[in-house]
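In this note's numbering, the protein residues as written are -6 to 254.
Here it is, written out as structure tokens:
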């Protein structure tokens, strides 16, 4: 299996520093355009039939279309502003944790998953380009679960709880439309490969290590010494707490079941 280091030596040119930053900026610009000219969205959305008919730009532009998202409205623009700021923070954090090359592949894999999902399951979800932020957020929450966000600028909430809430929203969406299950699996393949499965393996290793340590500590504890031991059956007050012992005329100790006659 090719390691990440070997892969970087072969295709290191794929490294794109600050990719999510540029993605968010371009997304914001398209959002403003849709705010001014709402009809632009229909030219950007993913449409398999139109793509096969020659409108190949939709394979890329759908990533930045906001149809089906929170809505192209002034209030939505405020939400979008904070989302872009969070995207900047996640971009820097993921690159610090993984390196530019690995992080870039994470994004490219996410985009490829979105393209495949839209081709195989058309019209399952509009505005699916936002899911790239979702996969980045899940990865961010996996790597930095105890980092706190100030909700509404006053309420500190650990990012892992926000990720669980987002996961619950996705599950709820799947219950309303079962086609979203394979769609989300494809869209979040990058998260599963880069962060989800490795985190699960790490958790399993920690549990196994803890169990081994407990077994070792238990085996290392010195056995409690007994005060009474039957010379016939070797039973003690530890192995048989209710057993009574007597000292015979020979000075040796006997349990009541083996008293000398």
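Using N, Cα and C, we set each Cβ at its ideal position, and we do this for glycine too.
Checking the sheet assignment: what are the DSSP bridge partners for residue i?
i	result
residue 240	246
residue 144	148
residue 222	229
Check the C-beta distance from residue i over to residue j and give it rounded, since I have them as a contact under 8 angstroms.
i	j	result
residue 129	residue 82	Incorrect: roughly 10 angstroms between the Cβ atoms, too far for contact.
residue 179	residue 100	About 15 angstroms separates the two Cβ atoms, so there is no contact after all.
residue 38	residue 17	Contact flag wrong, Cβ pair sits at about 19 angstroms.
residue 175	residue 114	6 angstroms
residue 94	residue 8	4 angstroms
residue 184	residue 131	5 angstroms
residue 159	residue 138	Their Cβ separation, rounded to whole angstroms, is 13 angstroms, which puts residue 159 and residue 138 out of contact at 8 angstroms.
residue 102	residue 29	Between residue 29 and residue 102 the Cβ distance is about 33 angstroms, and since that is not below 8 angstroms, they are no contact.
Whole angstroms is fine: what's the gap from residue i's alpha carbon to residue j's?
i	j	result
residue 27	residue 20	11 angstroms
residue 209	residue 199	15 angstroms
residue 245	residue 238	10 angstroms
residue 225	residue 249	11 angstroms
residue 86	residue 231	57 angstroms
residue 126	residue 205	39 angstroms
residue 133	residue 154	12 angstroms
residue -2	residue 54	32 angstroms
residue 188	residue 195	10 angstroms
residue 70	residue -5	43 angstroms
residue 47	residue 112	15 angstroms
residue 44	residue 51	7 angstroms
residue 117	residue 167	11 angstroms
residue 203	residue 197	10 angstroms
residue 0	residue 98	10 angstroms
residue 10	residue 88	8 angstroms
residue 141	residue 149	6 angstroms
residue 227	residue 207	29 angstroms
residue 181	residue 234	59 angstroms
residue 90	residue 136	8 angstroms
residue 72	residue 24	12 angstroms
residue 119	residue 35	11 angstroms
residue 236	residue 201	39 angstroms
residue 74	residue 22	11 angstroms
residue 145	residue 172	34 angstroms
residue 147	residue 42	48 angstroms
residue 223	residue 229	7 angstroms
residue 240	residue 247	6 angstroms
residue 169	residue 15	33 angstroms
residue 266	residue 121	Nothing in the structure corresponds to residue 266, since the chain is present only between -6 and 254.
residue 143	residue 92	27 angstroms
residue 56	residue 2	29 angstroms
residue 4	residue 193	28 angstroms
residue 79	residue 49	31 angstroms
residue 255	residue 96	Since the first residue shown for the chain is -6 and the last is 254, residue 255 is missing from the structure and cannot be characterised.
Any C-beta of chain C sitting closer than 7 angstroms to the C-beta of residue i?
i	result
residue 135	Absent from the structure: chain C. Only one protein chain is present.
What residue range is occupied by the uninterrupted alpha helix (DSSP H) comprising residue i?
i	result
residue 264	Because residue 264 is not part of the residues shown, which for the chain are -6 to 254, the question remains open.
residue 132	124 to 136
residue 51	51 to 54
residue 13	12 to 29
residue 44	41 to 45
residue 175	173 to 180
residue 252	Unbroken run through residue 252: none, as it is neither H nor E.
residue 2	-3 to 4
residue 37	34 to 37
Hey, would you say the C-beta of residue i is under 6 angstroms away from at least one heavy atom of the ligand ADP?
i	result
residue 16	Absence of the ligand ADP is noted for the structure shown, with no ligands found whatsoever.
Original post:
Contact between the stretch 96 to 109 and the stretch 157 to 170: three or more CB pairs below 8 angstroms?
Top reply: no
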